[in-house]
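Undergrad:
2 protein chains.
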Amino acid sequence: MANVTLKVEGMSCGHCVSAVEKAVTGAGASGSVDLAAGKVTVQYDEKKVSLDAIKGAIEEQGYDVV
Amino acid sequence: MANVTLKVEGMSCGHCVSAVEKAVTGAGASGSVDLAAGKVTVQYDEKKVSLDAIKGAIEEQGYDVV
Chain A
1 MANVTLKVEG MSCGHCVSAV EKAVTGAGAS GSVDLAAGKV TVQYDEKKVS LDAIKGAIEE
61 QGYDVV
Chain B
1 MANVTLKVEG MSCGHCVSAV EKAVTGAGAS GSVDLAAGKV TVQYDEKKVS LDAIKGAIEE
61 QGYDVV
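These protein sequences, in sequence, are chains A and B.
The first sequence begins at 1 in UniProt numbering and counts up one residue at a time.
The second sequence begins at 1 in UniProt numbering and counts up one residue at a time.
Written out as structure tokens, the structure is:
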């Protein structure tokens, strides 16, 4: 399992937190969002999911992974 | 029909716009949100809906009508 903290720009409210968490879950990982810090901590199995896929899922929701 | 523009605090993103518009529609009115201005213009039939009910529906979603 890998644990990575991503810096994500554009999250402004609770709806955004839900959208990002759903994106992470949908990509096959689990994650928790720190809205105030603009950070998303993701935990995933590197054998099953790539970090790029997780980042892509977040960006598809309209946020920038920086 | 009445047309009222409400000042609403706490709307920060497109999800908020959707949530507020849905609240207004759910209250039996129609509305459009100006996110940048923090304003919601509602149109409603005073015989069927009260302005208080519309404000209440918006506040139930976590926003302040000021």
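Note that the Cβ used here is the ideal one computed from N, Cα and C, for glycine as well.
May I ask which residues mark the beginning and end of the alpha helix (DSSP H) holding B/S18?
TA: Unbroken alpha helix (DSSP H) run through B/S18: 14 to 26.
Undergrad: Is residue 67 of chain A close to chain B? Criterion is C-beta to C-beta, closer than 8 Å.
TA: Here chain A covers residues 1 to 66 and nothing more, so residue 67 of chain A does not appear.
Undergrad: Kindly list, in the order they appear in chain B, the residues whose Cβ is closer than 7 Å to that of A/S12.
TA: Ordered by position in chain B, the residues that pass the 7 Å Cβ test against A/S12 are S12, C13.
Undergrad: Taking B/G28 as the reference, which of B/A37, B/E46, B/K39, B/H15 has the closest Cα?
TA: Residue B/E46 is the option with its Cα nearest to B/G28.
Undergrad: Looking at C-alpha atoms only, which residue of A/M11, A/N3, A/M1, A/A2 is the closest neighbour of A/I58?
TA: Of the listed residues, the one whose Cα sits closest to A/I58 is A/M11.
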